[in-house]
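Chains as they are written, first to last, in this note's numbering: chain Y, 4 to 531; chain C, -12 to 479.
Below you'll find the structure, written out as structure tokens, and then a few comments.
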Amino acid sequence: MTTFQSPHLGYDLIWPLLVVLGAACVGIVVEAFVPRAWRYVTQVLLTLATLAVAFGGTVYVATGLDERGHGAARGSVVAEGAVAVDGPAVFAWGLLLVVAFLGVLLFAERHLDGGVSAFSGQAAALPGTAAERRVGERGLEHTEVYPLLLFAVGGMLLFAAANDLLTLFVALEVLSLPLYLLTGLARRRRLLSQEAAMKYFLLGAFSSGFLLYGIALVYGYAGTVRFGGIADAIANTSGERGLLLAGIGLLSVGLLFKVGAVPFQAWTPDVYQGAPTPVTAFMAAGTKVAAFVAMLRLYSVAFGGERWTWLPMLWAIALLTMVVGAVMAVAQTDVKRMLAYSSIAHTGFVLTGILGTGATLGEDQVGSTQAVLFYLVTYGLMTLGAFAVLTLVRDAAGESGELRGWAGLAKTSPVVAAVFSLFLLSLAGLPFTAGFTGKWMVFASAMGGGAWPVVVAAVLTSAMAAFFYIRVIVLMYFSEPASDAPAVVIPSVLTSVTIAVTAIATVVLGVVPGPVLDLAAHAGDFIR
Amino acid sequence: MLSLLIALPLVGALAVALFPSRPGDALPKWSALAFSIATLIGGAVVGIANADTGETWAETHTWIAPIGAHWALAVDGLGVTMVLLTVILVPVVIAASWHDADDRNTKGFFALMLVVEALALAVFCAQDVFLFYLVFEATLIPAYFLIGSYGHGPRRTAAAVKFLLYMLAGGLVMLAAVVALYAFSAQTGHASYLIEDLKQVALTTSQERMLFLGFFLAFAIKAPIFPFHTWLPDTTGNATPGTSVLLICVLDKIGTYGMLRFCLELFPGAAHWATPVVVTLALISIVYGALLALGQDDLLVLTGLTSLSHFGFIVLGIFVVNAQGVSGATFYMFNHGLATAVLFLAAGYLIRRTGTARLSQMGGVEKKAPVLAALLLLGGLGTLGLPGLSPFVSEFLVMLGAFEHHWWVGTIAVSGVVLAAAYVLRAYRLAVTGPERPELAGVSEVGTREIAAVAPLVALMILLGFVPQLALSVINPASDHTMSTIEAGAQK
């Protein structure tokens, strides 16, 4: 009789992840047992404390990682090969937890909309019915959003560290399902919000299907779902690769959908616009971080040996994504949609950074992974900040995204206009802002990989993209405010902290990026 | 030490911006002036010290190690000329623009001017391509707000956006070259952006040419030369004269400065390769700019267009690639700054009084305001290169260089001088001579402040016109150094 061997999970390395998922479960219990009046405070404090503990844990784990391969990489594969806790993973964890923490502050904001949060009081009450009115009168609010957020964060953490295809798939679902729900919970414009959630869910489900099919094909080729095993299979077998190539293609569809790359970008503007803005902010920053780290890991660890078959595809996709994002953004009249398209263009820039994989590096040159990680830091923070500012500008019907309404904002609210200009300039990539340093890093990485045509195209689309960012600045500074212009609502300390932190980070990462760059460089390579 | 020189106007800008004041208050103006004069003294100290040894002031600190970027500042003869031009012009502009922003956010106007000064000084001192690029792009932001928020023209917003997009497009093309430079420099095993290190990087011919084009395009838009000049008339027609001085006389010099420092010194082979095309473009700029100026009715636009012609001369001087041409171009950059500033500011005084920039609606001011007319004439004569004024010397040197390059290049360039005489005298005749116009009867003479603002420039023009050796003794060693770098590079 064989003795039962209990699986080695490596709790000492993955406990920050488990803390987040555990607290999400506790959050549901809180919903059931804590009196309604206390739920908001309990949930917010629980969530913030969880994220803080998880962040502290991540830092602790990061400092204790084992060195491998003469310091080129750090970390170990745990949970029977399902999770890789390595440098890039803990870097992504730290970033995700910071983004989530700032996101929760936006979730918890109740000053902007007359003492209630941005979320629907009761999602089940149909829009425009008596039930909805009653909910409004009683001042109810959904406090489930906090456990939902924690589940999404847990999924993102796992996604960034997934070391086999099944974990990748499970993590994707864990992060996506709560986001589908959160998207549909807006207090204002509920039909738009629900439609966005529906769209997100359906298209997300399709893309999951593609991903799963891809996993099956790759398993069929390699006989294993471990990234390391797939790499071995690619290295050791020759001849028929049809299954593998089809698998890579289908897997790519699933991942490219999550990051919103062309031609799988169509959901982005609608979902970003329909979701409650705090959710948009969190989703735009968080999902991209998790998905890009997962993508980098999959491509460089599992499919690194097939580089020359998938790199040309990424060249084309990066190019298309930048161009489509920039061109479409020019035509937008809604600030939120414009930011959504700009996030598509930025997806293209991150993809440009990935093109540097496989370049032979000099002594102190930045590698593709470091460039992408750094870009994700800058992008995550400035996007979060930009969307946070967006929540402040409101008229009677809630947030006012209409570009027209932003005219002359610099005269009525100089500070908000200045901060928003800072984020826009950073998104446009002007020097001394985080956006510039980030852009420089990914371009340098792609240049090192010989992708100079893409870099030149990226530079030209940057010029085009500058046009629509600057158009908003022009409106704010050089136009007269309309008589029915929306007003800027003074936020509570919660949103203020988010905006202040992201604004300061945007400047600091532009002027002294050294420390964060070193941190990204210290993250090292992926392990297998 | 040079960091201090750059920090001084920056601190000034902060101070001016943070003072509580209402539009039109005098306090921000006086503090801006005080800071700019302090910077002038600092710049003068650097200039005098540089006359002995250029290296005393150099400083190099590692800044962003993974990128290979340094905070490296130093000035040579070329740099010090531009630094001096900047520190001289800014207090003049501040004094001359005293009332230009009275109806708006006054302190913002003067703070932005000081920011421009700080960034311009940083550009001219930067010894690291990454630092140079950062500051180069950063100058756009204050310039953009100076045009867009404080311009006086009717289409200032559109002009500001056009300016910004042109500059950004050029700058981003340069960014691709800058990033590529990093990639090539990293192949040597140790990535560094220091100009000195980059000179050692071995490039293939095609790499060198691509990089050269990236840099040259950005500088050609900045300078500007034909056919990248179309932002220029819009900008000068809508900005205040003071802003135009900062833009044309200081910031646009980054373009020609960059051509000397980067296009020539880093990519000498490619510069030789591109010479025929660039010289042709420069000649077209000279003649075309002059012709446009000849037919122009708006005095500010006209002044901007004369600069197109003059930037043609400067670029010509740089790309004929001989000692006279390079020294002449450097000196020309300085003199063009002086003469055009006088012309712009005098034109500004005149327009403030007549209430129009249209030459066809001016005239007969000479008798009411003879000093103003004289200022305008002096600026104009400086621009057209009258012997005895300093621009003549530099123009002469550029011509010598052009004739040495090829006789027909020189011949075409000379026609630019003839045309310059035509457009300056035509503008002068239309603006101030002729019978007095009844609607301009209220035009008053220039005030003491306005004369005091321009007087130093006029004095310098005359001094350097008779004793050009003062400036050339600084410039010539630098241009000799440039020439030797180029020759060494071309043989490589």
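Virtual Cβ for every residue (Gly too), placed ideally from N, Cα, C.
What you are looking at is a predicted structure, and each value in this text was computed from that prediction instead of being measured.
Pick from the options that is closest to residue i, judged by C-alpha positions
| i | options | result |
| --- | --- | --- |
| G59 (chain Y) | Y:V107, Y:L395 and Y:L98 | Y:L98 |
| G312 (chain C) | C:P443, C:D239, C:L292 and C:V396 | C:V396 |
| V80 (chain Y) | Y:D116, Y:M159 and Y:F230 | Y:F230 |
| L171 (chain Y) | Y:L301, Y:L478, Y:T290 and Y:F104 | Y:L301 |
| R77 (chain Y) | Y:G404, Y:S499, Y:T66 and Y:V392 | Y:T66 |
| L204 (chain C) | C:M246, C:L168 and C:G276 | C:M246 |
| G124 (chain Y) | Y:H114, Y:R141 and Y:L115 | Y:R141 |
| F171 (chain C) | C:T262, C:T192 and C:L101 | C:T192 |
Within-8 Å CB hit, residue i to chain C
| i | result |
| --- | --- |
| L433 (chain Y) | yes |
| A391 (chain Y) | no |
| Y480 (chain Y) | yes |
| P516 (chain Y) | yes |
| A466 (chain Y) | yes |
| L427 (chain Y) | no |
| V462 (chain Y) | yes |
| A264 (chain Y) | no |
| V458 (chain Y) | yes |
| F352 (chain Y) | no |
| A508 (chain Y) | no |
| V418 (chain Y) | no |
| V477 (chain Y) | yes |
Buried or exposed by the 16-neighbour rule on C-beta atoms within 10 Å, applied to residue i
| i | result |
| --- | --- |
| I54 (chain C) | buried |
| K16 (chain C) | buried |
| A133 (chain Y) | exposed |
| Q276 (chain Y) | buried |
| R248 (chain C) | buried |
| I251 (chain Y) | buried |
| Q335 (chain Y) | buried |
| M286 (chain Y) | buried |
| L457 (chain C) | exposed |
| R190 (chain Y) | buried |
| M316 (chain Y) | exposed |
| D487 (chain Y) | exposed |
| H323 (chain C) | buried |
Own chain partners of residue i with C-beta closer than 7 Å, once the 5 adjacent residues on each side are dropped
| i | result |
| --- | --- |
| T45 (chain Y) | V33 and V37 |
| A27 (chain Y) | P150, L153, F154 and G157 |
| A310 (chain C) | S466, D467 and M470 |
| P272 (chain Y) | R340, A343 and Y344 |
| A321 (chain Y) | G351, L354, T355, L358 and V457 |
| A82 (chain Y) | L12, G13 and I17 |
| A508 (chain Y) | L384 and A437 |
| A449 (chain Y) | T355, G356, L358, G359, V457 and V458 |
Cβ of residue i within 8 Å of any chain Y Cβ
| i | result |
| --- | --- |
| V511 (chain C) | With chain C covering only -12 through 479, there is no way to say anything about residue 511 (chain C). |
| Y180 (chain C) | no |
| G238 (chain C) | Reading off the sequence, residue 238 (chain C) comes out as Leu, not Gly. Chain Y contact via Cβ: absent. |
| T472 (chain C) | no |
| E124 (chain C) | yes |
| V166 (chain C) | yes |
| L204 (chain C) | no |
| G135 (chain C) | yes |
| T144 (chain C) | yes |
Same chain only: Cβ atoms within 6 Å of residue i, ignoring 5 sequence neighbours per side
| i | result |
| --- | --- |
| L406 (chain C) | A277 |
| P211 (chain C) | L219 |
| L371 (chain C) | A407, A408 and V411 |
| L427 (chain C) | T341 |
| A332 (chain Y) | M341, Y344, S345 and F471 |
Check: residue i C-beta below 7 Å from any heavy atom of the ligand FMN
| i | result |
| --- | --- |
| P141 (chain C) | The ligand FMN is not part of this structure, which contains no ligands at all. |
Contact set between residue i and chain D, taken where Cβ atoms lie within less than 7 Å
| i | result |
| --- | --- |
| I473 (chain Y) | Absence of chain D from the displayed structure is noted, the protein chains being Y and C. |
Going along the chain, which residues of the region 441 to 455 of chain Y sit with their C-beta nearer than 7 Å to a C-beta in chain C? W443, F446, A447, M450, G451 and W455
May I ask you to list, following chain order, the residues of the region 363 to 386 of chain C that have a beta carbon less than 9 Å from some beta carbon of chain Y? Taking 9 Å as the cut-off between beta carbons, none of the residues of the region 363 to 386 of chain C comes near chain Y.
What residues in the region 172 to 198 of chain Y have a beta carbon less than 7 Å from any beta carbon of chain C? none
Give the residues from the region 316 to 343 of chain Y that approach chain C closer than 7 Å (Cβ to any Cβ), ordered along the chain. none
Using a Cβ-Cβ cutoff of 7 Å, what residues of the region 146 to 175 of chain C are near chain Y? List them in chain order. When C-beta distances to chain Y are compared with 7 Å, the residues of the region 146 to 175 of chain C below that value are V148, L151, L152, L155, A156, L159, V160, L162, A163, V166, A167, Y169, A170, A173 and Q174, in chain order.
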